[in-house]
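Trainee: Handing you this structure, nothing more for now.
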Amino acid sequence: MKAWNARSTKATLEYYFDRVGFVSVGAFRRDIDNFFVSTVIPATPEFLALHSLDGEEYAGYDVSTQINSPEKVRMEGYNLNYKQALTFLPEWARGVQLFANFNALRATGTGAGNFGGYIPRTVNWGLSLSRPKYNLKINWHHRGRARDSAITGRGIEAGTYNWSGQRMYVDVGADYNLTKRIALLVSVRNLNSMPERTEAAGPSTPDAMQLLTLTNYGAVWVFGVKGSF
Numbered sequence: 004m005k006a007w008n009a010r011s012t013k014a015t016l017e018y019y020f021d022r023v024g025f026v027s028v029g030a031f032r033r034d035i036d037n038f039f040v041s042t043v044i045p046a047t048p049e050f051l052a053l054h055s056l057d058g059e060e061y062a063g064y065d066v067s068t069q070i071n072s073p074e075k076v077r078m079e080g081y082n083l084n085y086k087q088a089l090t091f092l093p094e095w096a097r098g099v100q101l102f103a104n105f106n107a108l109r110a111t112g113t114g115a116g117n118f119g120g121y122i123p124r125t126v127n128w129g130l131s132l133s134r135p136k137y138n139l140k141i142n143w144h145h146r147g148r149a150r151d152s153a154i155t156g157r158g159i160e161a162g163t164y165n166w167s168g169q170r171m172y173v174d175v176g177a178d179y180n181l182t183k184r185i186a187l188l189v190s191v192r193n194l195n196s197m198p199e200r201t202e203a204a205g206p207s208t209p210d211a212m213q214l215l216t217l218t219n220y221g222a223v224w225v226f227g228v229k230g231s232f
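Residue numbers (the working numbering): 4 to 232.
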């Protein structure tokens, strides 16, 4: 196999608020050659001899392997970012900071059907409050539905894939300074207990038949003490 290679072009435009934040927009294009794809081939006598395998023992077997795809793939992406400390708020509301970002990806070209594992849409946003004695933050994360590996085999419709379902979860965190060197902290990941969903779907698969697994790990709580010495 050859190493895959890519030619990339990227552009970003940024604007900075006076010491309190920034906003940016960016885009990239990446043309990929020789990317890896999975394939299944018969264990021919020539293949078995090449790899010093017993022709009688392994005759009739199939071989699952990877090859360099002769097809082309172009990845295109766009992103928006925003972050700002709201210093214009009244004194009692000082310390508030906002952030948001959006990312979009897509694959095009003759080999795009074999190119998966990326998340087409992600959106993150949140706010935080910083005070001398304590800090609070809450973040929202949205992950779009993502296509994974192809499902092939006898009787399976062309264009059938494994999918990771879309998901929106919430993280929160806080810390409280007991002294200048010691603070208590708490963080919660996936506060809304959003389950992880996997699916298998083709062009004709009804919505009610797409679910493979639904796993709910619940919220993950962490309590701790941090210090500097």
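Here a beta-carbon is modelled for each residue, glycine too, at the ideal position from N, C-alpha and C.
(1) Are leucine 139 and alanine 177 closer than 8 Å when you measure CB to CB?
(2) Going by alpha carbons, who is nearest to arginine 184 out of Ala14, Asn219, Ser231 and Val175?
(3) Can you give me the Cβ contacts of histidine 144 inside the same chain, cut-off strictly under 6 Å, excluding the 5 residues immediately before and after it?
(4) Which residue comes first and which comes last in the alpha helix (DSSP H) that contains phenylalanine 50?
(5) Can we say the region 68-83 touches the region 103-120, given the rule of at least three CB pairs closer than 8 Å?
(6) Look at the alpha carbon of proline 45 and the alpha carbon of threonine 68, and state the distance between them as a whole number of angstroms.
(7) Roughly how many whole angstroms lie between the Cα atoms of glycine 63 and threonine 47?
(8) Taking only runs of the beta strand (DSSP E) that begin and end inside the region 19-97, which ones reach a length of at least 3 residues, in chain order?
(9) Methionine 171 lies in the beta strand (DSSP E); which residues open and close that run?
(10) Here's a check: name, in chain order, each residue in its chain whose Cβ is nearer than 7 Å to the Cβ of tyrosine 61, leaving out the five neighbours to either side.
(11) Could you give the first and the last residue of the continuous beta strand (DSSP E) run that contains leucine 188?
(12) In the DSSP assignment, what residue or residues form a beta bridge with serine 11?
(13) Can you give me the start and stop residues for the beta strand (DSSP E) that asparagine 142 sits inside?
(14) Ignore the nearest five residues each way along the sequence and tell me which others in glycine 24's own chain have a CB closer than 7 Å to its CB.
(15) Taking Cβ positions, are glycine 227 and glycine 162 nearer each other than 8 Å?
(16) Does the distance from the CB of asparagine 193 to the CB of valine 223 come in under 8 Å?
Mentor: On the basis of the coordinates in this document:
(1) yes
(2) Of Ala14, Asn219, Ser231 and Val175, the residue nearest in Cα terms is Ser231.
(3) So the qualifying residues of the chain are Asn127 and Tyr172.
(4) Its alpha helix (DSSP H) spans residues 48-53.
(5) yes
(6) 11 Å
(7) 8 Å
(8) 24-36, 39-45, 65-71 and 76-88
(9) That run of the beta strand (DSSP E) goes 170-180.
(10) Ala46 and Leu51
(11) 185-192
(12) Arg33
(13) 137-146
(14) Lys86, Gln87 and Ala88
(15) no
(16) yes
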